[in-house]
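The structure under discussion appears below in the form of structure tokens.
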Amino acid sequence: MIRDIVKNKSLYLLALPGFSFLVVFAYVPMTGHLIAFKDYRVSEGIWGSPWAGLEKFRLLFESDKWIQVTLNTLYLNLLFIVFSLIVALTLAVFLNEIRWAVWKRLAQSIVFLPYFVSWMVVSFIVFALLNTSDGLVNRTLARIGADTVSWYSSPQYWPLILTAIYVWKFAGYKSIIYLAAITGISGEYYESARIDGANRLQQIWHITLPLLRPTVIILTLLSIGRIFYGDFGMIYGIVGDNGVLFPTTDVIDTYTYRMLRHLGDFGMSSAIALYQSVMGLIVILIFNGIVRKVDNDSRLF
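This is the structure in structure tokens:
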């Protein structure tokens, strides 16, 4: 190891800033998980607070709320991963088929733009569309003679609503990644296919999509690694403290936030966060093991 560092010291120096950032902002804060095992008091600090052992975890798992928020987190993230993958791949293929450079750049900018819109702005847009009194959707339904819907008191609709919002915001960003991967595919494959008489759809199906598989697997694994992490900014920005929608929208992150804000119990909130981290680690290890069996070259580690 030391010999390798000496031999490639310039490369290790280049990696040093990134490694330092990772240590400072990813590994050092992990010491805060000690709060989950303590009866934390702000006045006494982490080290001075008395030990509580597994008491916080016992209180967490005695409540049936953790099952609901865990299932909601998994279900919503599964919807996000599947639909954003499908739409992002479709967008990338369509963008790649645009031959006029000006239109291609314009289309890329349009699909990428929602990524820069903050969740607070998105929440106002959603409210303008879905509010019960004069939302655009309800006004449209009324004009065509259909029954209006009280969207903010109908939790059954919100998994699909949140999925549509997530796809709208992130599919364009992810499509650019897939488009970059498509650009790296050698043109010789397509030229050979054209000589054999393959049309554009056949070239996409038999060349583009199969060669995108490693990129798709890696990005999907990275998404699965965060499957126990709900997008707090999205969920809380759009749903807020609307308890009527909690049965289908309350995720681990928003539940943790409410526990800290309403009860002021740092230990319980930390216990939930630690549970979330451990489960995420287990899931990524399982799926990475599956990928190692199926396609060893596409595994993360």
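Residue numbering for the sequence shown follows the numbering used here, beginning at 1017 and increasing consecutively.
Even for Gly, the Cβ is constructed at its ideal location relative to N, Cα and C.
Quick caveat: nothing in here was measured; it's all calculated off a predicted structure.
Looking at the strands, I want to know which residues DSSP matches up with residue i.
i     : result
K1054 : W1067
As a quick exercise: from the options, pick the residue whose alpha carbon is nearest that of residue i.
i     : options                    : result
L1195 : A1209, S1149, T1106, L1029 : T1106
Q1219 : I1160, D1269, V1109, S1285 : V1109
G1256 : S1139, I1177, G1280        : S1139
P1175 : F1132, P1263, V1039        : P1263
T1236 : F1303, N1258, L1030        : F1303
K1190 : S1202, S1125, Y1173, Y1056 : S1125
K1072 : L1301, A1289, K1185, S1314 : A1289
Q1172 : L1261, S1202, F1186        : L1261
I1201 : W1221, V1183, L1228        : L1228
V1294 : G1280, T1086, A1158, Y1131 : T1086
P1066 : D1269, Y1182, R1074, D1055 : D1055
D1247 : L1276, V1183, M1275        : V1183
F1099 : L1225, I1181, Y1131        : I1181
I1083 : L1316, Q1292, I1298        : Q1292
L1225 : S1239, L1238, Y1205        : Y1205
I1114 : R1216, R1315, G1283, Y1271 : R1216
L1101 : R1277, W1116, L1238        : L1238
Would you kindly check if the distance between the Cβ of residue j and the Cβ of residue i is under 8 Å?
i     : j     : result
W1167 : T1148 : yes
A1052 : S1286 : yes
W1135 : M1250 : yes
A1144 : L1152 : yes
I1233 : D1311 : yes
N1112 : I1198 : yes
V1103 : K1185 : no
D1269 : M1275 : no
I1018 : Y1028 : no
L1050 : I1062 : yes
Y1252 : Y1273 : yes
M1284 : L1075 : yes
Y1230 : S1314 : The displayed chain sequence assigns Pro, not Tyr, to residue 1230. Yes, the pair counts as a contact, with Cβ atoms nearer than the cut-off.
Is residue i buried or exposed, if buried means 16 or more other CB atoms sit within 10 Å of its CB?
i     : result
F1096 : buried
K1391 : Absent from the model: residue 1391. The displayed extent of the chain is 1017 to 1317, so no value can be given.
G1188 : buried
K1025 : exposed
L1146 : buried
T1047 : exposed
V1267 : buried
I1300 : buried
V1040 : exposed
I1177 : buried
A1068 : buried
T1265 : buried
N1154 : buried
V1044 : exposed
V1058 : exposed
V1137 : exposed
Is residue i near the ligand GTP, in the sense that its beta carbon is under 7 Å from a heavy atom of that ligand?
i     : result
L1152 : The ligand GTP is not among the ligands present in this structure, which contains no ligands whatsoever.
field: Three CB pairs or more closer than 8 Å across the stretch 1206 to 1216 and the stretch 1184 to 1198
entry: The answer is no - the stretch 1184 to 1198 does not touch the stretch 1206 to 1216, with fewer than three Cβ pairs under 8 Å.
field: Contact the stretch 1075 to 1090 vs the stretch 1237 to 1255: 3+ CB pairs below 8 Å
entry: yes
task: Decide if the stretch 1152 to 1162 is in contact with the stretch 1068 to 1085; the criterion is three or more beta carbon pairs, one per stretch, under 8 Å apart.
output: no
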